[in-house]
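So in the UniProt record's numbering, spot 165 of the sequence shown is number 165, and the numbers just go up one at a time. Even for Gly, the Cβ is constructed at its ideal location relative to N, Cα and C. In this text the structure is predicted, and so the values were computed from the model without any measurement.
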Amino acid sequence: MFCPTRSIRRLIRPLLVLALLSVGVRGEAKIITDGPEEMIGVGVEEKVGTQIPLDLKFRDQNGLPLTLGKVFDGERPVLLTLNYSNCPMLCGRQLNDLVAVLSDEEMKWNAGDQFEVVSVSIDPNEQPQRAKLTHQRYTNQYGRPGTSDGWSFLVGDGKNIEALADTVGFRYKYIPDTGEYAHAAALIVVTPDGVVSRYLDGLGNDPQTVRMSLVEASEGKVGSALDRVWLTCFVYDHTKGRYAPQAVRIMQLGGGVTVVILGLALMPYWLMRRHRHASVEPAISNHEDSEDATPQ
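Now the structure itself:
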C-alpha cells in the first residue's frame, strides 16, 4: 500500500539536508530555483540595511506579549534566528552549533550583557509552553550563569511571522504532507535599533567572526579598543564567510604606527637638544651683559 506522507518524508529529508547545507548564506541571495517542488523558492535573500518593523507583535517563552521594539531597544546588538521547536533536523543542528560558538572560550561576552539572542518560531501554531521547553533546553546547554534572559524564544501569528521573515529575506515553505517547514539556516546580525547588519552561515561559524560581526553591528559600542582596531583592518569576505585582512587599511595603520614609534624614539633626542639650547642661551646672555657693564 502506498503511503504518500511517509514516502514524501523519506524523499524530502535527505534532499532538504543537502539543499540547505549547500544554500548557506554567503553571497547576496541564495534561493533554490531547481530541484524538488517543495524546495523551490526556499533560501535566504540578503537585505543588509533593512529596518525591521518594530511594531510586530509576538509572545515570549513565558507567554508575555511584546513588540520587536522591546527586543531592539537601542542597547545591544542582536543575533536573530528563525526556527521552530518541532523541526526534526536543521533547527536543532543550527541551535546546537550556535550554543557551541557562544560557549567557546574565545567568546568572552555573554548573552544579555553585550548582546542578545532572539529565536523566532516560523510555526504560527507553536505555543509559549513549547517555546519555553526549547528555551530551557538551549539556555541550559549554553550554561553560562545569568544568561537565560539574554536568549528569547518568540512565537506569534502567521501575519507577524511572515512580515518579519519577508523583511529579512528568509524564504520558507510549509509542507502539508509532512507538517514540516522547508527552510534554510541563517544567523542574522542586527543592530541595537533593528537594522539588518550582516548575514552569517547558520552552521559552522567561528567565534571570532560572530564577535566581530557584533562589534560592527554595534558601531563599536561593544568590544575592546583592540577589537575596534582589528575591525578597521579587516573586512567581511562573503566568499569565505569570515573577516579577512584589507591590505590598504593595514598599510595605513602600519604607517601610522611607524610614525608614532619614530616619534617616541626621537623624543629623547629632541628633549636633550632643547635642554642644551636652553642652557646655552643664558650663558650667552650673561656674557653679553658682562661686556656691557665693563667701564670705558
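Around the beta carbon of P145, a 10 Å sphere encloses fewer than 16 other beta carbons of the protein chains shown; the residue is thus reported as exposed.
D201 sits in a strand when the DSSP states are folded into three classes.
Counting every other CB atom within 10 Å of its CB across the protein chains shown gives Q141 a total below 16, marking it as exposed.
Rounded to whole angstroms, the gap between the alpha carbons of V120 and F153 is 6 angstroms. Between M89 and the set G194, T191, A185, S218, the nearest pair of CA atoms involves A185. Going by DSSP, V190 is part of the beta strand (DSSP E) stretching over 186-190. In the structure shown, E45 adopts extended strand secondary structure according to DSSP, grouped into three states. Around the beta-carbon of D123, 16 or more other beta-carbon atoms lie within 10 Å, marking it buried. Taking a cut-off of 8 angstroms on C-beta distances, the stretch 156-174 does not touch the stretch 103-116, as fewer than three cross pairs fall below it. In this structure L203 touches D97 by the C-beta definition: roughly 5 angstroms separates them, less than 8 angstroms.
Going by C-alpha positions, V190 is about 13 angstroms away from M212. Counting only the Cα atoms, I40 lies some 29 angstroms from G194.
Going by DSSP, K57 is part of no alpha helix (DSSP H) but of the beta strand (DSSP E) stretching over 57-59.
Residue burial is scored here from C-beta neighbours: N205 has at least 16 other C-beta atoms within 10 angstroms and is therefore classed as buried. For P207, no beta strand (DSSP E) encloses it; the enclosing alpha helix (DSSP H) starts and ends at 207-217. Distance check between I32 and each of P53, R93, H183 places H183 closest, using alpha-carbon atoms only. Listed in chain order, the non-local C-beta contacts of N62 below 8 angstroms within the same chain comprise P128, K132, local neighbours out to five positions each way being set aside. Per DSSP, the beta-bridge partners of P65 are R59. If you check the CB distance, Y181 and E126 do not come in under 7 angstroms. Around the beta carbon of D60, 16 or more other beta carbons sit within 10 angstroms, so the residue counts as buried. Between P53 and T139 the beta-carbon gap is near 27 angstroms, outside 8 angstroms, which marks them as no contact. Secondary structure of L82 (DSSP, three-state): strand. Here T134 has S85, F153 as same chain residues with Cβ atoms under 6 angstroms from its own Cβ, once five neighbours each way along the sequence are excluded. Nearest C-alpha to L187 among L64, P65, E75, V101: V101.
In the same chain as R198, and ignoring 5 residues on each side of it, the C-beta atoms closer than 8 angstroms to its own belong to V48, I188, V189, S213, E216, A217, Y236, in chain order. Sequence-distant Cβ neighbours of L80 in its own chain, meaning closer than 6 angstroms and more than five residues away, are V118, I188, V190. Secondary structure note for K173: its beta strand (DSSP E) is the uninterrupted segment 173-175. A distance below 7 angstroms separates the beta carbons of E106 and P207.
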